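Presented below is the structure to which this report refers.
Numbering (the UniProt record's numbering), first residue to last: 1 to 788.
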């Protein structure tokens, strides 16, 4: 156990008490013998960061700390070995005296005896100073060894009454102190007691009795150390701290003042975040960012997203300066009264005469944690500033839409202008409604001619000769904003990371008694999450495919490598189809997609209600073929390459067999459920249900075996790289989207950063993303029908 670095201020606190039976036993013949069992006890409060050697050093230098209550009273008659004392004065100081007169010491002793008689506690504290700290503040002369005792006493007279008040001690509380100078470090030792105690009592089981609460709260101790520190620093240090505090206050005020100004919100994503935060606020309830109620969770999510964007853009300069100044300000206190972090120390406590020792680890001065806490406090204030604005009026922004008249054909442009000369931004009624708009009174539709094809290719282009039908659109001048009806589109959600979408789905699910709109939104959130996960899986498979292409396997390993190459190609095709709306797929592609979806069905996610023999046959066959191909594999590093982490052949085989067992168990439960429905025999039904309960218990064990709890949140190295780079890609896309429905400049450099040989796949991804954005409304219509 190593000594900790010396903090500027160290505080040790302990208390002593008289055992309730001690006085009775002193009148008995066997008093001397019983005295060993019912001793006066000392309880040292655990002070973080103090080692046993440091405590022993303090006890040696401040011998009073080793005394019990009665011994301490006797000790009061002795002279303190600190500084020269006269016949009339002592070195003891109190709230009213710098040097207590000897006759006053007698009064102090009488108070202490009365407190002892009344069963009160005696607290003994030692505040130890680092001499270099005192020297830096001009309180200690290194050359002469002289100490500005008056300054230290003045601080103690300010600190101890505050400590007494904070702990709720009675008005009869009294204290005294002494400064020890003839030691390596300068100490202030103080005693504290009450003539009549008001401390809370509790039943202490080891001694089977009611006792006064002796320990002071950690907040009280920390406040005491802080007050001592601030009381002793010199004017220069204090002025520097005040300047830093003022700088921080000004920066915080600027951030709060600028966090929400409607005229400055020009980014479509920030506009969406604010609108959705307002959209999901619970009505007839208080709006507080610190609220953890379920119906506030979605609004809180979008407030956080807005603040993240604000810190990245408009508020970036001030925010970064705030963080820098906060760190610099808090660094001033580093080492003031905290030991080093993660240092082992021994906690000591004496119970019934026995010393109890336990190991502790010092938290130290966690600067990063303190900065994060200040940051969280700032975030809460900024969010509450936005919520106060929302209480006054809903957020309103300037028209964020780009004119799209030129997107229509020349003939349709002429038709539109003939009907509405001021037309600029035109959309269908359904599109406006999804964007949070409703028709203005007496709005008249604008009629256009729209080509309708019998079928479309995967890029949304019509095939064959079109039929022309009339369609209706409305200009932005004909609609009014209705924020409560607005929903985020898939395109807008596509800029969220997978982790963000998971969080959004989770908070949306927390809402109870969801409205139709909220149920539709949750379906859209889930669909967006599924698409994002598919995209991540696609990138992961592309990387793995490239790695397999570069392999030159042994003859014994060729069968397995060929199997995985073929399987990955098939799974990539499946994901391509899954990312494509069904209306863009030919019937044969839809059929093939269903078969591939069965082939790569995950055993864990398969619902028991769908575990029929027909449904599990294809994935079981896939697993069996993989086991067969794996049987001749010799180079186990191939498995680690595929998995992105170390795995042995035996572990890989066991994992495949576990999947097979899960499929079989779910099929058995499925069959039992079918038999239960068909049976009228109560005893048979009970037996089948009991058997299913056993199967579910076995399933739970297989799940944990397949993915141990400690590994459930971990990702492979490939998955981590994919997730990190996709998040960066989406942030870049979001930053490029300056207008709500203008063209998104999509960055497709992701795969180039992984390997240049995947450029074709990048171009395909780019086309797919661009096409998905163009056909956003049609996709959402399809998704709504599927989730309705």
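Cβ coordinates follow ideal geometry from the N, Cα and C atoms, glycine included.
None of the values given here were measured: they were computed from a predicted structure.
Go ahead and label residue i buried or exposed: buried means 16 or more other beta carbons lie within 10 angstroms of its beta carbon, across all protein chains shown.
i: residue 409; result: exposed
i: residue 593; result: buried
i: residue 2; result: In this prediction, residue 2 has a pLDDT of 32, which is less than 50 and means its spatial position is unreliable; what the coordinates show is noted afterwards. Residue 2 comes out exposed.
i: residue 298; result: buried
i: residue 454; result: exposed
i: residue 165; result: exposed
i: residue 208; result: exposed
i: residue 210; result: exposed
i: residue 5; result: Bear in mind that the predicted position of residue 5 carries a pLDDT of just 41, short of 50, making it unreliable; the figure below should be weighed with that in mind. Per the 10 Å Cβ criterion, exposed.
i: residue 696; result: exposed
i: residue 650; result: exposed
i: residue 8; result: buried
i: residue 449; result: exposed
i: residue 609; result: exposed
i: residue 255; result: buried
i: residue 619; result: buried
i: residue 49; result: With a pLDDT of 45 at residue 49, under the threshold of 50, the modelled position of that residue is not reliable, and no figure is offered here.
Using only CA atoms, which one of the options lies nearest to residue i?
i: residue 419; options: 637, 131 and 474; result: 474
i: residue 607; options: 668, 621 and 551; result: 668
i: residue 611; options: 633, 277, 253 and 660; result: 660
i: residue 127; options: 184, 12 and 193; result: 12
i: residue 271; options: 106, 200, 324 and 401; result: 401
i: residue 194; options: 154, 136, 657 and 16; result: 16
i: residue 389; options: 516, 506, 529 and 287; result: 287
i: residue 196; options: 115, 222 and 615; result: 115
i: residue 368; options: 704, 323 and 412; result: 323
i: residue 250; options: 535, 479, 176 and 321; result: 321
i: residue 416; options: 391, 596, 430 and 444; result: 444
i: residue 599; options: 581, 623, 579 and 590; result: 623
i: residue 328; options: 10, 374, 439 and 223; result: 374
i: residue 101; options: 176, 480, 535 and 118; result: 176
Name the two residues that bound the continuous beta strand (DSSP E) containing residue i.
i: residue 438; result: 437-439
i: residue 451; result: 446-452
i: residue 212; result: 209-212
i: residue 204; result: 201-204
Just reading off the alpha helix (DSSP H) that residue i is part of, what are its end residues?
i: residue 653; result: 649-678
i: residue 331; result: 316-331
i: residue 383; result: 367-392
i: residue 219; result: 218-232
i: residue 577; result: 558-578
i: residue 544; result: 516-549
i: residue 170; result: Residue 170 -> no alpha helix (DSSP H), and no H or E assigned at all.
i: residue 694; result: 682-706
i: residue 301; result: 297-312
i: residue 411; result: 410-419
i: residue 630; result: 613-630
i: residue 510; result: 498-510
Name the DSSP beta bridge partners of residue i, please?
i: residue 475; result: 426
i: residue 156; result: Its beta-bridge partners do not exist; DSSP assigns none.
i: residue 91; result: DSSP output for residue 91 lists no bridge partner at all.
i: residue 123; result: 15 and 192
i: residue 175; result: 192
i: residue 180; result: 187
i: residue 492; result: DSSP output for residue 492 lists no bridge partner at all.
i: residue 9; result: 129
i: residue 147; result: 140
i: residue 463; result: 455
i: residue 101; result: 89
i: residue 468; result: 451
i: residue 481; result: 437
Using only the heavy atoms of the ligand MN, determine whether one of them is closer than 6 Å to the beta carbon of residue i.
i: residue 125; result: The ligand MN is not among the ligands present in this structure, which contains no ligands whatsoever.
7 Å is my cut-off, CB to CB: does residue i come that close to chain C?
i: residue 313; result: The chain inventory of the structure shown lacks chain C, comprising one protein chain alone.
How about the region 681-692 and the region 574-592: do they share at least three Cβ pairs that are nearer than 8 Å?
-> No, because fewer than three Cβ pairs between the region 681-692 and the region 574-592 fall closer than 8 Å, the two stretches do not touch.
Between the region 503-516 and the region 275-295, do at least 3 Cβ pairs fall closer than 8 Å?
-> The region 503-516, when compared against the region 275-295, does touch it at the 8 Å Cβ threshold.
Quick one: any contact between the region 447-461 and the region 490-505, if contact means 3 or more CB pairs under 8 Å?
-> Between the region 447-461 and the region 490-505 there are fewer than three inter-stretch CB-CB distances shorter than 8 Å, so the stretches are not counted as touching.
Check whether the region 563-582 touches the region 645-664, counting contact only when three or more Cβ pairs, one atom from each stretch, lie closer than 8 Å.
-> The answer is no - the region 645-664 does not touch the region 563-582, with fewer than three Cβ pairs under 8 Å.
Inter-stretch contact (C-beta, 8 Å, three-pair minimum) for the region 556-569 and the region 621-629 | The way I'd put it, the region 556-569 does touch the region 621-629; three or more beta-carbon pairs between them come closer than 8 Å.
State whether the region 300-318 contacts the region 377-391, with contact taken as three or more CB pairs (one from each stretch) at a distance under 8 Å.
-> Judged by Cβ distances under 8 Å, the region 300-318 makes contact with the region 377-391, as three or more pairs qualify.
Is it a yes or a no for the region 523-534 touching the region 550-561, going by three-plus beta-carbon pairs under 8 Å?
-> Between the region 523-534 and the region 550-561, the count of Cβ pairs shorter than 8 Å is below three; the stretches do not touch.
Validate contact between the region 150-167 and the region 221-235 using beta carbons, cut 8 Å, 3 pairs | Result yes; three or more Cβ-Cβ pairs closer than 8 Å.
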